[in-house]
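Residue numbers for the sequence shown follow this note's numbering, beginning at 1 and rising by one.
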Amino acid sequence: MAAEFRVLGGVEVRVDGARLELGPVRQQRVLAALLLDANTLVTPDQLVDRVWGERAPQRARQTLYSYLSRLRHALRAVTGEAWLERRPGGYELTVAPSAVDLHRFRADTARARAVVREGDEDEAARLFTEALALWRGDVCPGIDTPWFNAQREAAHTERLAAFLDWGDLQLRRGLHAELLTALPAHAAGHPLDERLAAQLMLALYRGGRPADALNHYQVVRRRLAEELGIDPATPLRELYQQILISDPRLAPPERDDPDPAPADAVHPRQLPALPPLFVGRGSELARLDKLMGPQHRPDNGSVLTTAICGTGGVGKTWLALRWAHDQSEQFPDGQLYADLRGFAPTGEPADPYAVVRGFLEALGADPANLPSAPQSQAALYRSLTAGRRLLVVLDNARDTDQVVPLLPGSPTCAVLITSRHRLPGLAASHGAVQLILETLDGTEAHDLLARRLGADMLAAEPVAATELLHHCAGLPLAISVLAARITTDPVLSLAALAAELRDTATRLDALETGEETSDVRAVFASSYLALDADSARVFRQLAQAPGADIGLGAAVSLTTLPLAGLRKRLRSLQAHHLLQEHVPGRFTYHDLLRAYALELAVTAAPAVEAGAALTRVLDHYAHSAHAADRVLLPHRDPLPPVPVSDGTQPEVFTTHEQAMAWFAGEHTVLTAGVDHALRTGRNVQAWRLAWAITTFLARQGRWADVSAVHTTALTAAVRLGDPAARAESHRALAWACTETGRFAEAHDELTLALSLSETSGDGLSAAHTHLALGWLYERQGDKRAALRHDQRAVELFSSVGNLAGRARALNAVAWDHAQLGDHAASVRRCQEALAIQRELGDERGRAGTWDTLGFAHHQLGEHTRAIECYEHSLRLNRALGHRYNEAENLVHLSQSHRATGAVEAAGDALREALGIYLDIGALDSDVDHVRTLLRELDGPPVP
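Given below as structure tokens:
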């Protein structure tokens, strides 16, 4: 359990990323008063003064004691991390200073200054950057008492001092370009600070802008004269003179790495295409320019954040994209974009940590090597965005909690959000500014319709055009749908369309946010009724897809149409603006249209249509995933075949690359499909789909996804009463726990799996469970327990005639023997395993066995043979994408190189292994072991 106590940007306690309920606002102020003086006795009188100031009520003490009692109860959720205790004379909140953001800021800045004195400027810069990134906003914003105001002012002074020290450090390191993204806002907030002015002038000069540097001096000189009646001090005047004569002493220092970003830094460009027929919104674009311009960046180090809020279909996304495209030059390091599906009518809103993982991949992080913990992934995201001029567009956000993990920590970034909610929590905690987007006014709505249909058509039927615009109520989405209706039907007049809308009795229900109803359902209905029967059916059926979008292959199965016929219907839906092809070959609805399509599936279609379509698409995903898994891992025990529903056409794969590419494109839909299948009572499909995607998820290091899908699959298996399926899911959960260091949980899962296998008399299932237990004990260092379980696995695989399993277990036994010093026995078991694996063509199994054989030869002093074995294994593991096994190969290979005196080769292998371990978030023991081996390389070779 990890607890974070925050006073910067708002009073919060988070436990493993989730916000802890802290009670009423004034109770939160009591906690804040204690946190600011953590580990210090505070008297009741001091607390009353801090929380109420001069406005304390008569019974303030009694109220205070009530708050303290409730806080003690609330803090039970972080037992072991914080204690609120009553002591003689008062109360003391005991908490690690590193767990409180303000105290951590102070500790990091103190350490940074100490490191500067020690001469390690790179480490000092890292510490300053991390410390300043903790500032999400003011200290305890909104609490207006003399004590809190004094604390806030003192903290601001500390923050400015830290920023100035960081600025001096960056200038000494030659990183003036990075400073130019942050200095102008700070200088505007502190116009009389001459040290800050000097930093900005020097950064401007070194950045090739001497005129701007000289101009800034004049601005500061005038402000000092007007407000204080003084001239600039000598250092600033001398800097001005140096800039005038281009003094060579002002040149930046030489750097070994003049570009602090890596040469292969990724600059994501994720923005969807610019809206093609955007009209109006001039005042809103101007306001965004003002809110999001670099001159308006907060001077407290927080991230510039604006939320465009308004009803569904009002054009929030179009406005955000138009502004983002127009201002892309402000963000040379790229733009990140995510649809958070906050108000999607099916499925859950996007998991913010899943979005974080997508952003990490867009920023160049290897998905196989991401940290396993969501909070660690979010921290890596903040690290990768630190100091970069990035725009993050978060579309269709549900609430503040969904947005917060996606906020970068660097003030060089900016965030633009769209949401149907006003997100007041984000405004309070992170200073987000709201832009409330209203519907188009009459002129803008008319311009949009004229842009789509042509001014002549509107002039020919002015009354009908006015009535159509009345029904659209200024909603851009509705206007676009109506215009598409006209343009795709050359005989349809405006008057006829207006009459259809007038006669439509149905209305879309009020939006979930409680906004007023509009005529959007009538608009959608008029377009839907104009479709041919097949296109209408496809419109209804596609809404059954479990994910955010659907590919062509799955759509063929869902609709039972041949590909050519399906493409025709999809083009028709796109022409009517009822469907979007947001990336080539993948289709999605606007969420209001999906809601309408789901409604039609109930009210306007045969009763069996929707259920049959859902069954087919889930069958498609389950059977296709099973086929792809068979290509990736052909010697895995297959599932018993089940019939595929009529009309379903699963994908066919012939190569490893095809299977991996399909999984890469579909895995988010597949994981959503597991949940959707369970929710709709399709337990067989839920479990089989989870089973089929496990190999891919594991190879990619997506252990959080493995845990999620098999938690769901376990529920399905229980419903099915299938002990073998339950055992399989327990083993998958244990695998994820083992690989992420949660050994106690892994033991619990495997104990349950073994009990199920033995009770049902399933020898094959028991064999797999013993093999998993052997791996778990190996990771924990209990080699004899590992040997017992692996030998039992050999016996059980042999008894059921499972050769691939027997070979894997023999390799595990060989490894156990090698660990226990019986190297000759290890070689014999490896040779047995390899013979079976060669016969079966089991490359994954051979990779593991070659590594074990290399280890045994090394221990026997046969180092040349060991190197050959390790290189065999390394080639196979790289081809298979097994990153942890690849690192293990490299560690073992380094030892054999060292034993032969090839110290340079040994060091190269160890450094590569260390990089892999760090990338995938391996256990500390693995990382420490490699670091120890690297330190030992300076000594004599050790066989």
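Don't be surprised by glycine CBs; every beta carbon is placed ideally from N, CA and C.
Those residues which DSSP pairs with residue i across a bridge
i, result
"residue 84", "93"
"residue 395", "339"
"residue 550", "587"
"residue 139", "8"
"residue 580", "588"
"residue 417", "307 and 394"
"residue 436", "309"
"residue 269", "335"
"residue 3", "15"
"residue 42", "91"
"residue 100", "5"
Option in the options with minimal Cα separation from residue i
i, options, result
"residue 546", "611, 716 and 834", "611"
"residue 949", "64, 128, 236 and 104", "Because the chain is modelled from 1 through 943, residue 949 falls outside the range shown and cannot be assessed."
"residue 313", "419, 274 and 739", "419"
"residue 66", "87, 92, 30 and 81", "30"
"residue 93", "907, 113 and 71", "71"
"residue 961", "657, 919, 398 and 124", "Because the chain in this structure spans residues 1 to 943, residue 961 falls outside the shown range and cannot be described."
"residue 333", "158, 601, 364 and 140", "364"
"residue 636", "840, 607, 453 and 596", "840"
"residue 598", "686, 613 and 585", "613"
"residue 449", "470, 430, 432 and 431", "470"
"residue 316", "894, 212, 422 and 155", "422"
"residue 791", "530, 761 and 825", "825"
"residue 870", "481, 857 and 684", "857"
"residue 326", "355, 311 and 271", "271"
"residue 911", "934, 64 and 774", "934"
"residue 463", "873, 679, 209 and 446", "446"
"residue 291", "675, 324 and 11", "324"
"residue 435", "287, 302 and 480", "287"
"residue 880", "768, 605, 695 and 821", "695"
"residue 278", "322, 183 and 531", "322"
"residue 823", "831, 860, 809 and 832", "860"
Beta-carbon proximity list for residue i, same chain, < 7 Å, skipping 5 on both sides
i, result
"residue 319", "281, 284, 308 and 437"
"residue 49", "147"
"residue 806", "794, 797, 798 and 836"
"residue 212", "204"
"residue 402", "340, 342, 349 and 352"
"residue 43", "89 and 90"
Supposed close pair residue i, residue j - CB separation, criterion 8 Å
i, j, result
"residue 192", "residue 244", "Rounded, the Cβ-Cβ distance is 22 Å, inconsistent with contact."
"residue 196", "residue 187", "5 Å"
"residue 352", "residue 361", "Not really, about 15 Å apart at Cβ, beyond 8 Å."
"residue 916", "residue 875", "Not confirmed; about 16 Å, so no contact."
"residue 847", "residue 877", "5 Å"
"residue 357", "residue 375", "Not confirmed; about 13 Å, so no contact."
Sequence-distant residues of the same chain with beta carbon closer than 8 Å to residue i, five excluded per side
i, result
"residue 443", "280"
"residue 122", "173"
"residue 56", "48 and 49"
"residue 397", "307, 340, 342, 403, 417, 418, 419, 421 and 423"
Same chain only: Cβ atoms within 6 Å of residue i, ignoring 5 sequence neighbours per side
i, result
"residue 897", "905 and 906"
"residue 842", "635 and 804"
"residue 166", "128"
"residue 914", "930"
"residue 776", "738 and 746"
"residue 35", "5, 7 and 100"
Beta carbon proximity, residue i to chain C, threshold 7 Å
i, result
"residue 583", "Although the question refers to chain C, the structure presented lacks it and comprises just one protein chain."
Subject >> At least three beta-carbon pairs within less than 8 Å, the region 533-550 to the region 626-634 >> reply: The answer is no - the region 626-634 does not touch the region 533-550, with fewer than three Cβ pairs under 8 Å.
Original post:
Would the region 606-622 and the region 687-699 be scored as touching if the rule is three or more Cβ pairs under 8 Å?
Top reply: With a cut-off of 8 Å on Cβ pairs, the region 606-622 is in contact with the region 687-699, counting three or more such pairs.
Original post:
How do the region 770-784 and the region 806-818 stand: do at least 3 beta-carbon pairs fall below 8 Å, yes or no?
Top reply: With the cut-off at 8 Å, the region 770-784 and the region 806-818 touch.
**OP:** Evaluate contact between the region 400-412 and the region 379-390, counting only Cβ atoms and requiring at least three cross-stretch pairs below 8 Å.
**Re:** At 8 Å Cβ cutoff, the stretches touch.
Original post:
Can at least three beta-carbon pairs, one atom from the region 725-736 and one from the region 699-708, be found at a separation below 8 Å?
Top reply: Yes: at least three Cβ pairs fall under 8 Å.
Original post:
With contact counted as at least three CB pairs below 8 Å, one residue from each stretch, are the region 128-146 and the region 67-87 in contact?
Top reply: Contact between the region 128-146 and the region 67-87 is absent, because fewer than three Cβ pairs lie under 8 Å.
Original post:
Taking three-plus beta-carbon pairs below 8 Å as touching, is the region 718-728 in contact with the region 740-758?
Top reply: Short answer: they touch.
Original post:
Per the contact definition of three or more C-beta pairs closer than 8 Å, is the region 573-589 in contact with the region 640-659?
Top reply: Fewer than three Cβ pairs drawn from the region 640-659 and the region 573-589 lie within less than 8 Å of each other, which leaves the two stretches out of contact.
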